[in-house]
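Just add 51 to wherever you are in the sequence shown, counting from 1, and you've got this note's numbering. Virtual Cβ for every residue (Gly too), placed ideally from N, Cα, C. So the structure is just underneath, and the comments pick up after that.
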Amino acid sequence: MSTTTPRPLRIGEVAELTGTTPRTIRYYEEIGLLPGSVDRVQGKHRCYGQDDIDRVREIIRLRDLLGLSLEQLSQLLEVEAARADLRREYQQTQDPEQQRRILGRALEHICVQVELVQDRRRDLEQLEHDLLAKQRTIHQRLDQLGP
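Next comes the structure, spelled out in structure tokens:
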């Protein structure tokens with residue numbers, strides 16, 4: 052899905068590649084969803100790499116798919132970043148005990164992510180239940196009115 056970006060990109064290019072706006076990307080930086088741009092000196096242009104593009108795409112995907120708040124998105128992305136660190140750590144060790152410890156921590160992070168998804172699913176199921184009840188009520192009223 053993602054291609055390798057050969058050079059640092061400006062914010063407008065990242066916005067175009069990810070289907071968002073420079074303003075949104077700046078906002079994601081301000082609230083901590085997206086790390087500050089690489090090697091940015093005050094007053095200079097923001098420059099981004101492939102990791103930033105992937106992160107913005109993931110933020111947008113999760114926002115659209117799960118309808119999470121920005122706080123929940125932040126939590127989900129922090130957990131994902133921690134899991135990526137654990138994957139690197141796991142790959143660098145051959146010690147079974149250390150691998151077991153790393154896998155245990157990864158499992159804890161996944162549990163946090165699963166809980167967020169399940170909470171969202173419950174909210175959606177409740178909304179569906181409420182809408183179906185309203186739909187039934189309208190059908191009953193229509194039936195009472197006759198043809």
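Burial is judged here by how many other beta carbons sit within 10 angstroms of a residue's own beta carbon; R139 has fewer than 16 and is exposed. In the structure shown, R61 falls within a strand segment according to DSSP collapsed to helix, strand and coil.
Taking each of G70, R171 and P73 in turn and checking the Cα distance to L116, the smallest one comes out for R171. With fewer than 16 other beta carbons inside 10 angstroms of its own, L193 counts as exposed. For K185, the uninterrupted alpha helix (DSSP H) segment begins and ends at P147 to L196. A Cβ-Cβ distance of about 7 Å is found for the pair L128 and E109, placing them in contact under the 8 Å criterion.
The C-alpha of I153 is placed about 28 Å away from the C-alpha of L119. Proximity to D102 across L85, L196 and R112 peaks at L85, based on C-alpha coordinates.
In this structure, the straight-line span from the alpha carbon of T71 to that of E81 is close to 16 Å. Exclusion of the five residues before and after V163 leaves V130 as the residues of its chain whose Cβ lies within less than 6 Å of its Cβ. Rounded to the nearest angstrom, the gap between the Cα atoms of P73 and G197 is 56 Å.
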